[in-house]
Amino acid sequence: MGIVQTITATAFVYSIAFIAAGMVLARLSLSILLHPTRIFWRVKRRQTPPECLTDTTYGIHGYLPVEGVKIHYVEKGDRSKPLMLFIHGFPEFWYSWRHQIKEFSKDYWTVAVDMRGYGDSDKPVGLEDYKMSHLVNDIKEIIEALGHEKCTLVAHGFGGAIAWNFVMLHPEMLNNYIILDAPYSPSNFRILTSNLFQIFMSWDVFYFQLPYLPELMFRAYDMVRFKHLFRGSTPRSLSPVSDEDLEAYKYTFAKPGAFTPPINYFRANGFSLSPPKSKLKKDIEAPGLYMFGEHDDHLVYDHLWAAQSYIKNLNVKMVKGANHYAQQDDPEKVNTLIRDFLKITHPKVEQSVAI
Numbered sequence: 001m002g003i004v005q006t007i008t009a010t011a012f013v014y015s016i017a018f019i020a021a022g023m024v025l026a027r028l029s030l031s032i033l034l035h036p037t038r039i040f041w042r043v044k045r046r047q048t049p050p051e052c053l054t055d056t057t058y059g060i061h062g063y064l065p066v067e068g069v070k071i072h073y074v075e076k077g078d079r080s081k082p083l084m085l086f087i088h089g090f091p092e093f094w095y096s097w098r099h100q101i102k103e104f105s106k107d108y109w110t111v112a113v114d115m116r117g118y119g120d121s122d123k124p125v126g127l128e129d130y131k132m133s134h135l136v137n138d139i140k141e142i143i144e145a146l147g148h149e150k151c152t153l154v155a156h157g158f159g160g161a162i163a164w165n166f167v168m169l170h171p172e173m174l175n176n177y178i179i180l181d182a183p184y185s186p187s188n189f190r191i192l193t194s195n196l197f198q199i200f201m202s203w204d205v206f207y208f209q210l211p212y213l214p215e216l217m218f219r220a221y222d223m224v225r226f227k228h229l230f231r232g233s234t235p236r237s238l239s240p241v242s243d244e245d246l247e248a249y250k251y252t253f254a255k256p257g258a259f260t261p262p263i264n265y266f267r268a269n270g271f272s273l274s275p276p277k278s279k280l281k282k283d284i285e286a287p288g289l290y291m292f293g294e295h296d297d298h299l300v301y302d303h304l305w306a307a308q309s310y311i312k313n314l315n316v317k318m319v320k321g322a323n324h325y326a327q328q329d330d331p332e333k334v335n336t337l338i339r340d341f342l343k344i345t346h347p348k349v350e351q352s353v354a355i
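The following block contains the structure:
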């Protein structure tokens, strides 16, 4: 990208970032006026984790050294079985895969990690530590540290953007892969700059380029944003995301400085999420499944069509009625789609399941 294009792109990004900041601050100001007795910046102190985070039905906890960073993970299943590695998105951690861990640990060795900067993993302070190259290499080293040459890679959101890079750089390390509600990395910038709906849907990503304010937004009113993200307008009684689930997120992100490293993923990488073309592997033989929630309000469907036109052996599926966090919003449908995909692409494992 030339100097003129760089200046233009920077001006474009920060113009929208400041517009988004103005909208957030206006909404926050209105909330303060309407509820003057509520202290918006106060976050409840949580000394003890909710029981779900120590529930052994989700597996046992461990740590791996990766690129000098201590990575926390939760594992369940027989270590002699094929590895299924789960990579979460934003703002999540290993717990977002709780339903899939229970379902697939019968047939795979399931490992769900806290990516660097999240949960109980180390949190490097430098912005450079969250560049895509480090994140992709983390996945490679995690697979190797777990003693496997290949895995079934399952990823969501920004974790899916990392997974797309991994698919294009290390396809030989994949039996197959499943990506949910994530931008197709090579086309992300093109779609973002040519689709007004995507610009509108990505307002928060623009906003994340600013310092301090995004962290303030997430901490406001005891992190009520988690409820807005995961439940939306769904009544509590009908939502698969329970109050205890929300407490799990709040406990994890209530720790001092917990939001800055995850938001640094966006600050460090901007909107150019794809690796250099010179490093891409030309032939990607591993079959893939690319899923979107029907009511995903973060991404336009153009990502699906772009991926399908460039990647062979790719299945595209819509999760009817689900939001952006499909694996939590409708775990039964997501698990069924994954299982159907695995029956075709990993038949030896699935045949043993049937027996």
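All residue numbers for the sequence shown refer to full-length UniProt numbering, where the first residue is 1 and numbers rise by one.
Virtual Cβ for every residue (Gly too), placed ideally from N, Cα, C.
TODO: In the DSSP assignment, find the unbroken alpha helix (DSSP H) run with Thr57 in it and report its ends.
DONE: Here residue 57 corresponds to residue number 57 of the sequence shown, with the count starting at 1. Premise fails: Thr57 is in no alpha helix (DSSP H) and is neither H nor E.
Task: Reference Gly126, options Ile263, Leu299 and Ala326, closest by Cα - done: Indexing the sequence shown from 1 puts residue 126 at position 126. Of the candidates Ile263, Leu299 and Ala326, the one whose C-alpha sits nearest the C-alpha of Gly126 is Ile263.
Task: Contact the stretch 248-267 vs the stretch 282-299: 3+ CB pairs below 8 Å - done: no
Task: Close-in-space but distant-in-sequence residues of the same chain around Leu304 (CB under 8 Å, 5 per side omitted) - done: Taking the first residue of the sequence shown as 1, we reach residue 304 at position 304. The residues are Tyr184, Tyr290, Phe292 and Val316.
- [ ] Mind listing, in chain order, the continuous alpha helix (DSSP H) runs of no fewer than 4 residues lying wholly within the stretch 203-248?
- [x] 203-207, 213-223 and 225-231
TODO: Within 10 angstroms of the Cβ of His156, are there 16 or more other Cβ atoms? Answer buried if so, exposed if not.
DONE: Translated into positions along the sequence shown, residue 156 becomes position 156. Buried: at least 16 other Cβ atoms inside 10 Å.
TODO: Note the first and the last residue of the continuous beta strand (DSSP E) segment covering Arg254.
DONE: Taking the first residue of the sequence shown as 1, we reach residue 254 at position 254. In the sequence as presented, Arg is not what sits at residue 254; that position holds Ala. Premise fails: Ala254 is in no beta strand (DSSP E) and is neither H nor E.
Task: CA nearest to the CA of Ile191, picked from Ala307, Ser29, Ser31 and Pro65 - done: Within the sequence shown, the letter at position 191 stands for residue 191. Nearest C-alpha to Ile191: Ala307.
TODO: Note down the Cα distance separating Phe18 from Trp94, rounded to an integer number of angstroms.
DONE: Residue numbering aside, residue 18 sits at position 18 when the sequence shown is read from its first letter. Residue numbering aside, residue 94 sits at position 94 when the sequence shown is read from its first letter. Each residue's Cα considered, the two are about 32 Å apart.
Open item on the list: Counting C-beta neighbours from all protein chains within 10 Å, is the total for Trp41 16 or more, i.e. buried, or is it exposed?
Closed with: Mapped onto the sequence shown, residue 41 falls at position 41. Answer is exposed; the Cβ neighbour count stays below 16.
Task: Buried/exposed call for Ile3, threshold 16 Cβ in 10 Å - done: If you number the sequence shown from 1, residue 3 lands on position 3. Burial call: exposed.
Open item on the list: Please list the terminal residues of the continuous beta strand (DSSP E) segment that includes Met84.
Closed with: The sequence position of residue 84 within the sequence shown is 84, counting from 1. From DSSP, the beta strand (DSSP E) with Met84 extends over Leu83 to Ile87.
Open item on the list: Going by DSSP, what residue range makes up the beta strand (DSSP E) through Leu174?
Closed with: Stepping through the sequence shown from its first residue, residue 174 is reached at position 174. Where Leu174 is concerned, the enclosing beta strand (DSSP E) stretches over Leu174 to Leu180.
TODO: Spatial neighbours of Ala248 within its chain, please: CB distance less than 7 Å, with the 5 preceding and 5 following residues excluded, ordered by chain position.
DONE: Sequence index remark: in the sequence shown, residue 248 carries index 248 (1-based). Correct list, in chain order: Pro50, Cys52, Leu53 and Tyr95.
Open item on the list: Using the three-state DSSP reduction, which class does Met115 fall into: helix, strand or coil?
Closed with: In the sequence shown, the residue the question calls residue 115 occupies position 115. It is coil, neither helix nor strand.
Task: Lys333 (DSSP reduced to helix, strand or coil) - done: In the sequence shown, the residue the question calls residue 333 occupies position 333. Helix, per DSSP.
Open item on the list: Taking the alpha carbon of Val69 as the reference point, which residue from Ser121, Leu210 and Leu180 has its own alpha carbon closest?
Closed with: Position 69 of the sequence shown, counting from 1, holds the residue named residue 69. Nearest C-alpha to Val69: Ser121.
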